[in-house]
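Residue 28 is where the sequence shown starts when you use the numbering used here, and the numbers rise one by one after that. Structure first, commentary second.
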Amino acid sequence: LALPIRGLHPALDGFRIVQLSDFHLYPYTQLGFLCQAVAQASALQPDLIVLTGDYVTLDVEAIHELAPVLATLNARHGVFSVLGNHDLWTNRRAIEAAFAQERLPLLVNQRIPITVGAGHLHVAGLDDGWSGQADLRATLDGMPADEPALLLIHEPDLFDDYAQDPRVALQLSGHSHGGQVRITGKKPRILPHLGRKYEQGLYRIGDTWLYTNRGLGYTSVPVRINCPPEITEITLTR
Numbered sequence: 028l029a030l031p032i033r034g035l036h037p038a039l040d041g042f043r044i045v046q047l048s049d050f051h052l053y054p055y056t057q058l059g060f061l062c063q064a065v066a067q068a069s070a071l072q073p074d075l076i077v078l079t080g081d082y083v084t085l086d087v088e089a090i091h092e093l094a095p096v097l098a099t100l101n102a103r104h105g106v107f108s109v110l111g112n113h114d115l116w117t118n119r120r121a122i123e124a125a126f127a128q129e130r131l132p133l134l135v136n137q138r139i140p141i142t143v144g145a146g147h148l149h150v151a152g153l154d155d156g157w158s159g160q161a162d163l164r165a166t167l168d169g170m171p172a173d174e175p176a177l178l179l180i181h182e183p184d185l186f187d188d189y190a191q192d193p194r195v196a197l198q199l200s201g202h203s204h205g206g207q208v209r210i211t212g213k214k215p216r217i218l219p220h221l222g223r224k225y226e227q228g229l230y231r232i233g234d235t236w237l238y239t240n241r242g243l244g245y246t247s248v249p250v251r252i253n254c255p256p257e258i259t260e261i262t263l264t265r
């Protein structure tokens with residue numbers, strides 16, 4: 028997927044991002060499958076890998092199996108992650124501690140500038156938008172107006188608000204699982220709060236893009252119909 032980004036510096040033309048989301052380790056999603064997905068993501072040799080939340084489902088202890096696997100991810104400019112609603116509903120402190128132990132950067136209303144040659148791309152990670160304290164204004168405070176931000180937030184439907192900030196060039200989200208079960212041509216019957224409007228794929232408001240990843244794992248039922256697990260690869264272009 029190639030996305031034209033307004034104001035993209037020539038040094039960032041062709042910059043490749045791989046997104047993984049909604050791992051949901053246990054009870055239905057198994058570690059071996061997630062290991063395969065992680066290996067595939069690194070094999071793409073991207074410039075950046077981003078993880079957009081929901082690492083566990085009900086059992087926070089599962090993070091101690093998953094975090095070391097995530098720590099094997101490899102991208103030229105690093106791996107960055109944000110939290111999802113299930114991470115907060117189980118035990119956010121335990122998730123944060125597991126990420127810290129594996130030295131996996133977890134952004135909670137934080138912004139990291141990435142420099143490629145003379146070009147800059149800002150990775151802005153927000154706290155969970157449903158049960159956390161997501162704060163875009165504080166996260167982008169002091170950021171140059173002419174440099175693009177890549178926004179990571181678990182819930183896609185907050186796009187309507189965040190697209191109003193001209194610095195946000197691309198929002199990457201997950202959360203919806205694409206509904207997991209899609210009857211051809213119809214919107215899925217079961218979609219979560221803040222994942223009902225932009226449930227899968229690519230959307231645009233003005234010059235700002237949103238991509239909603241269908242995720243890797245399962246919640247509630249161990250079934251996917253017309254809605255396979257997803258690893259997203261996005262190339263930024265001028």
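Idealized CB from N, CA, C, for every residue including glycine.
The beta strand (DSSP E) spanning residue i covers which residue range?
i      : result
LEU148 : 146-152
SER108 : 106-108
GLN16  : The structure shown does not extend to residue 16, since the chain is modelled only from 28 to 265, so the question has no answer here.
GLY59  : Careful: GLY59 lies outside any beta strand (DSSP E), inside the alpha helix (DSSP H) at 58-70.
ARG241 : Taken as a continuous stretch (DSSP letters only), ARG241 belongs to no beta strand (DSSP E), as it is neither H nor E.
ILE139 : 137-143
ARG231 : 228-232
Compare the Cα-Cα distances from residue i to each of the options and report the closest residue.
i      : options                        : result
THR211 : ARG251, LEU47, GLY80, ALA125   : ARG251
THR79  : LEU263, CYS254, ARG241         : ARG241
SER200 : VAL208, GLN207, LEU221, ARG209 : LEU221
ARG164 : VAL143, GLY59, VAL195          : VAL195
HIS104 : ASP74, ARG119, GLU129          : ASP74
PRO183 : PRO193, PRO219, ILE44          : PRO219
ALA145 : HIS202, LEU39, LEU178          : LEU39
GLY59  : LEU148, LEU28, VAL96, ARG209   : VAL96
PHE42  : HIS147, LEU185, HIS51          : HIS147
Does any residue of chain D have a CB that is nearer than 8 Å to the CB of residue i?
i      : result
TRP236 : Here there is only one protein chain, and chain D is not present.
Since residue i is in the alpha helix (DSSP H), which residue starts that stretch and which ends it?
i      : result
ALA102 : From DSSP, ALA102 is part of no alpha helix (DSSP H); its letter is neither H nor E.
ALA124 : 112-128
Tell me, please, which residues DSSP counts as bridged to residue i.
i      : result
ILE261 : ILE44
TRP236 : LEU197, ARG231
Would you check if the distance between the CB atom of residue i and the CB atom of residue j is smaller than 8 Å?
i      : j      : result
LEU131 : SER158 : no
GLY34  : PRO175 : yes
Is it the case that the CB of residue i approaches a heavy atom of the ligand PLP more closely than 7 Å?
i      : result
GLN160 : Among the components of this structure there are no ligands whatsoever, and the ligand PLP is therefore not found.
Is there contact here, the segment 84-94 with the segment 122-134, by at least three beta-carbon pairs under 8 Å?
Counting Cβ pairs under 8 Å, three or more are found: they touch.
Okay, do the segment 233-243 and the segment 187-195 touch, 3+ Cβ pairs below 8 Å being the bar?
Here the segment 233-243 lies against the segment 187-195, with 3 or more beta-carbon pairs under 8 Å apart.
Is it the case that the segment 69-86 contacts the segment 97-116, given that we only count it when at least three CB pairs across the two stretches are under 8 Å?
Cβ pair count under 8 Å is three or more, so yes.
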